[in-house]
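Data block below; observations after.
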Amino acid sequence: MKILALDSSGLVASVAVVEDDQLLAEYTVNYKKTHSQTLLPMLDEIAKMIELDLETIDAIAVAAGPGSFTGLRIGSATAKGLGLALKKPLIPVPTVDALAYNLYDSTGVICPMMDARRKQVYTGIYRFADHELVTVSRQKAIAVEELIRELNALGEAVIFLGDGVTVYQEMLKENMQVPYSFAPAHLNKQRAGAVGALAEKYYREGKTVTAAEHQPEYLRVSQAERERAEREAGKK
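In the UniProt record's numbering, the protein residues as written are 1 to 236.
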């Protein structure tokens, strides 16, 4: 089984190829370029390096949200275009689940945090049991203060990761009442390798969709939609 994995859900752009539980290649960039500039060139470079014929892949995995609205649209459009052209199924992988999978088999509670602005994060709460990712609280958009209360109530040590950690680190330090730590630099952002590894499990479980069916999961409306609704409400 060979899976092409894409993640452009946040600040990071990442492309990977996973085959039979082996990571063949991964290209990850965390820099000030738009994902529309980076994603396809990264895929092209990987294909050259490992002599990949895209016709040989079995499926395309994509970080399906939540995350940056623009980033999710770019990743989904790329995956859908490839899926339609190659006639391959897509494997939508929840972004926050894939982030948690970076810390495979960690002890304690894992809490990814993606900055959602307005003092909110996209997050979820996870742990590993018998080498399987267990969802304690599924991915959601939530106020940081509410997340901290939820974690304190669990009474367990927590590992944080994601771009929201940098933004809300001081708030965590001031309000966390249980032991906590932060994931190291090589594990604390989105990685397509983790998306691909989780997608292999999903593929075996039959969790695929057609390219035409796939839609990103935004979890909340965009800023433009929110502002339009506020303007319309103000006219009433």
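In this text, a Cβ means the ideal position worked out from N, Cα and C, and glycines have one as well.
Check                                                                                                         : Outcome
Val165 - DSSP class collapsed to helix/strand/coil                                                            : helix
For Leu6, the three-state DSSP class (helix, strand or coil)                                                  : strand
Buried/exposed call for Ala153, threshold 16 Cβ in 10 Å                                                       : exposed
Exposed unless 16 or more other CB atoms sit within 10 angstroms - verdict on Lys87                           : exposed
Validate contact between the segment 71 to 80 and the segment 141 to 155 using beta carbons, cut 8 Å, 3 pairs : no
Boundaries of the beta strand (DSSP E) in which Gln22 is found, first to last residue                         : 22 to 29
Alpha-carbon to alpha-carbon, Pro92 and Gln22                                                                 : 20 Å
Own chain, CB closer than 6 Å to Leu4, minus 5 neighbours either side, in chain order                         : Val17, Ile57, Ile60
Pick from Leu39, Val167, Leu172, Leu40 that is closest to Arg118, judged by C-alpha positions                 : Val167
Secondary structure of Thr70, DSSP reduced to three states                                                    : helix
Coil, strand or helix - Ala98 by DSSP                                                                         : helix
The segment 190 to 203 touching the segment 20 to 36, judged by at least three CB pairs closer than 8 Å       : yes
Cβ pair Pro216, Gly65 closer than 7 Å                                                                         : yes
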